[in-house]
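A.B. asks: Below is a structure I'd like to ask you about.
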Amino acid sequence: MPFPSPLLRLLLRRLALLLVVYGLLRLGFYLANYATFREAAPGQVLLAFGHGLRFDVSAILLLNVPFLLFSLIPAAGPAWQKLLRALFLLLNSLGLALNLIDTQYFKFIGRRTSNELFTITGDIGRQAGQLVGQYWFLFLPFLGLLLLLGYFYPMPAPANLRQPPAARAWRRLGQPLLEVMLVAGLTVLGIRGGLQLKPLRTGHAFMQTPPVLGHVALNSTFTFLKGLGYQALERREFFRSPAAVRQALAAHPPAPRPGAPRDNVVILLVEGFASEYTGIENGGRGYTPFFDSLATQGRFFREHYANGRRSIEALPAVLAGLPSLLESPFITSNFQTDELHGLGELLGRQGYATSLFHGAQNGTMGFNTFSGIAGIQQYYGLNEYPGGAKSPDFDGHWGIADEPYLQYFARELTRQQEPFFATVFTLTSHEPFEVPARYKGRFPVGTLPIHGVIGYTDFALRQFFRTAARQPWYQHTLFVLLADHTSQTDRPGYQNTLGSYKTPLLLFHPGRPLPAADEHRITQQADVPATVVDLLNVPADKQLLPFGYSVFDSTNTGRAFFLSGSSLFLVHRDFVTELTTDDQVRLYPYQTHFIPAEALARPDPEKQRQYGQELKAATQFYTDGLLDNKLYR
């Protein structure tokens, strides 16, 4: 019997066919998201494609384990081979779908798909019809690649399917057994990515220059399969004691502010409201005339950044000061039962009525569950809206359109006992980016589908403030207006790692002047709890996480944390610091919403050490605090 056997050679050819298809998928992903990677030189892109072979091998083998097992059955007949081909196409259709979906989904979340698909399964089910209509064109490459796999799938020659005589088969059991052991060993080796100490992880893709090409090296099959099930969080050991961690983390709890009033607090968390769309941050060229005018009347912070790229990551940051420094969202993680003190709890202890409003179906992204974790007393979802999903205000996709929902929100606030703390999360400026029929043609369409919807949401905000201004609670209410994350982009200045987190932050109080603040300090979503506690002089030193600062703290210039491509980033006004997955510290010069693709070749050693220690302290405090449930101890 020749070595390797005909069946083993067939198996190798079939796997090689998959490698070719994954190369085509990677090319399609790169071209569809070229704006994200355009700063990389052609040679660097080619290296990323080559680096991606390692992830392709791992993903293909992991996805095709059942196929590999059945492929090694010797001398199976033609019917079996047809069933084997059907299994091959069925399994790999999943990989095709995941990678094609990510050519578009990546534009919104800035990373390859992981297990978050399971956290929004209900939402996907409700939006299935709309999503198919919006992205129908993805079916064309899906069917094309599936037909390619079926057409070029190698079938065995009839001579190789003949049953050998029993005696000869018995004498030749050694080679089939050897081949089974060889395939098993190479499969395990390929899945773990080599002989290195630890198996191949998502973070290994970003150990190249520029790191953003890690998204190109990866494939969505790998990130999805690796995201299944519980992945142990690795403990960090940069510092020997909690005291050393806190010192390097440089926490700044708010100082007492005597005479602070018991104002109401309203947080307006606006879906996809990126800085790229505002006029005030882009020389008047934007889609938000009302927001631009309101920003001149309050405290507007021009160097503000989101702590994540997904809606589900925004609430823990805004309501509890917990940035998103894990691949999986805190709300759906194994740590969601850890001790957490949110603004709902802190203000509730001071006699505030606390509530969270979101016009989508109750249970969407676990917001109702997290509101309880954050100490919010009342959650208002689609079920609580008059008429619910049968209301004429229902957009047919996600929930209640922004303009009627914000009017409902204003009316409900008037019914609440003061002082109150209320948060509303809007939703219209989300895919499918549809302006309600009665307002179609009223707002500039712009150059992206989201632009017209941002104009509508800005109008909805204008109408909300008009209604609120007539209410008795308006003059003694602090309004905090910010976004959950960025969205579609067509301005080159924002198409970089830092720009994909750039969102606005506005604090507005119609009844009294707010304290002085530097509009160019670095701010982040996780600063909101410390800021509110500071302005209201709420005693909460031991219930504030050390990641955020009050925006009115003049003893520092602020900072922001976020996770991108398995690297942790720390934003300061002079430099942006990156802590890579292999614990390398890189320094980039800071400009508003821009950092270059490559780190400084000769960084300031003192700044690199200082900011590197601060970032290492943040990740150690975060991981140890979650693992041991001691974020506050």
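Numbering (numbering that gives the first Met the number 0), first residue to last: 0 to 632. Beta carbons: idealized from backbone N, C-alpha and C, even for Gly.
Determine the burial state of I311: buried for a count of at least 16 other Cβ atoms within 10 Å of its Cβ, exposed for fewer.
C.D. replies: Flag for I311 reads buried.
A.B. asks: Where does the unbroken alpha helix (DSSP H) through L62 begin, and where does it stop?
C.D. replies: Its alpha helix (DSSP H) spans residues 41-62.
A.B. asks: What are the boundary residues of the beta strand (DSSP E) that includes A421?
C.D. replies: Per DSSP, A421 belongs to the beta strand (DSSP E) from 419-424.
A.B. asks: DSSP three-state call for Q583: helix, strand or coil?
C.D. replies: Three-state DSSP puts Q583 in coil, outside helix and strand.
A.B. asks: Between T287 and Y276, how many whole angstroms is the CB-CB distance? I'm expecting something under 8 Å.
C.D. replies: So it is a contact: roughly 6 Å between Cβ atoms.
A.B. asks: Quick one: what's L562 bridged to in DSSP?
C.D. replies: According to DSSP, which records beta bridges pairwise, L562 is partnered with L567.
A.B. asks: If we count Cβ pairs, one from each stretch, closer than 8 Å, do we get three or more for the stretch 529-540 versus the stretch 560-579?
C.D. replies: As far as the Cβ criterion goes, the stretch 529-540 does not touch the stretch 560-579, which means the pair count is below three.
A.B. asks: Output the boundary residues of the beta strand (DSSP E) element that contains A305.
C.D. replies: Per DSSP, A305 belongs to no beta strand (DSSP E) and is neither H nor E.
A.B. asks: Once you ignore the five residues that flank G398 on each side, which residues in its own chain have a CB closer than 6 Å to its CB?
C.D. replies: The residues are G358, A359, L381, L426.
A.B. asks: Are the beta-carbon atoms of Y621 and L324 separated by less than 8 Å?
C.D. replies: Contact flag set, yes.
A.B. asks: Classify R450 as buried or exposed, calling it buried when 16 or more other Cβ atoms lie within 10 Å of its own Cβ.
C.D. replies: Here residue 450 turns out to be His, not Arg, going by the sequence shown. The residue is buried, with at least 16 neighbouring Cβ atoms inside 10 Å.
A.B. asks: What is the DSSP secondary structure of R298, counted as helix, strand or coil?
C.D. replies: Note: R298 maps to strand in three-state DSSP.
A.B. asks: Is the closest heavy atom of the ligand GTP to the C-beta of P431 under 7 Å?
C.D. replies: Looking at this structure, you won't find the ligand GTP or any other ligand, since it has none at all.
A.B. asks: In the DSSP assignment, what are the bridge partners of L6?
C.D. replies: In DSSP, L6 forms no bridge with anything.
A.B. asks: If we count the other Cβ atoms within 10 Å of its Cβ and call it buried at 16 or more, is P514 buried or exposed?
C.D. replies: Exposed: under 16 other Cβ atoms inside 10 Å.
A.B. asks: Do the stretch 289-304 and the stretch 360-374 meet, that is, are 3 or more Cβ pairs less than 8 Å apart?
C.D. replies: With the cut-off at 8 Å, the stretch 289-304 and the stretch 360-374 do not touch.
A.B. asks: Under the assumption that F463 contacts G454 (Cβ atoms under 8 Å), give the Cβ distance between them as a whole number of angstroms.
C.D. replies: In fact, because the Cβ distance is near 15 Å, the residues do not count as touching under 8 Å.
A.B. asks: If L90 and L62 are in contact, beta carbons under 8 Å, what's the gap, nearest whole angstrom?
C.D. replies: Right, the Cβ-Cβ distance comes to about 6 Å (below 8 Å), so this counts as a contact.
A.B. asks: Can you grab the Cα-Cα spacing for the pair R284 / A468, in whole Å?
C.D. replies: Spanning the two alpha carbons is a distance of roughly 28 Å.
A.B. asks: Is the stretch 259-276 touching the stretch 75-95, taking contact as three or more C-beta pairs under 8 Å?
C.D. replies: The stretch 259-276 is not in contact with the stretch 75-95.
A.B. asks: F574 bridges to which residues according to DSSP?
C.D. replies: Paired residues: P588.
A.B. asks: Check L670 in the structure and name its three-state DSSP category.
C.D. replies: This structure gives no information on residue 670, because the portion of the chain shown stretches from 0 to 632.
A.B. asks: DSSP on A165, reduced to helix/strand/coil?
C.D. replies: No answer about A165 holds up, because its pLDDT of 49 lies below 50 and its placement is not dependable.
A.B. asks: Among the candidates V182, A85, S499, whose CA atom is the shortest distance from the CA of A273?
C.D. replies: Comparing Cα-Cα distances from A273 to each of V182, A85, S499, the minimum goes to S499.
A.B. asks: Buried or exposed: which applies to R170, given that a residue is buried once 16 or more other Cβ atoms fall within 10 Å of its Cβ?
C.D. replies: Confidence in R170 is poor, its pLDDT being 47 and thus under 50, which makes the residue's placement unreliable; the coordinate value appears in the next sentence. Under this definition R170 is an exposed residue.
A.B. asks: Could you pull out every residue in the same chain whose Cβ sits closer than 8 Å to the Cβ of R84, ignoring the five residues on either side in sequence?
C.D. replies: Contacts found: G149, Y152, M154.
A.B. asks: Using only the alpha-carbon positions, how far apart do R585 and V20 sit?
C.D. replies: Going from the Cα of R585 to the Cα of V20 covers about 35 Å.
A.B. asks: How is H203 classed by DSSP in three states: helix, strand or coil?
C.D. replies: H203: helix per DSSP, three-state reduction.
A.B. asks: Do you know how far the Cα of S563 is from the Cα of I521?
C.D. replies: Those two C-alpha atoms are separated by around 18 Å.
A.B. asks: Quick one, which of G271, A482, V479 has its alpha-carbon nearest S428's?
C.D. replies: Nearest C-alpha to S428: G271.
A.B. asks: Express the C-alpha separation of G184 and L625 in angstroms, rounding to a whole number.
C.D. replies: Approximately 36 Å, taken between the alpha carbons.
A.B. asks: Could you spell out where the beta strand (DSSP E) holding F432 opens and where it closes?
C.D. replies: Note, F432: premise wrong, no beta strand (DSSP E); not H, not E.
A.B. asks: Can you give me the C-alpha to C-alpha distance between A525 and L544, rounded to a whole angstrom?
C.D. replies: Going by the C-alpha atoms only, they are around 9 Å apart.
A.B. asks: Given a threshold of 16 other Cβ atoms within 10 Å of its Cβ, counted over all protein chains shown, does H519 qualify as buried or as exposed?
C.D. replies: Looking at its Cβ environment, which holds fewer than 16 other Cβ atoms inside 10 Å, H519 is exposed.
A.B. asks: Taking Cβ to Cβ, would you say L144 is nearer than 8 Å to R53?
C.D. replies: Against a cut-off of 8 Å, the Cβ pair of R53 and L144 comes out as no contact.
A.B. asks: Could you tell me if L6 is buried or exposed, where buried requires 16 or more neighbouring beta carbons within 10 angstroms of its beta carbon?
C.D. replies: L6 comes out buried.
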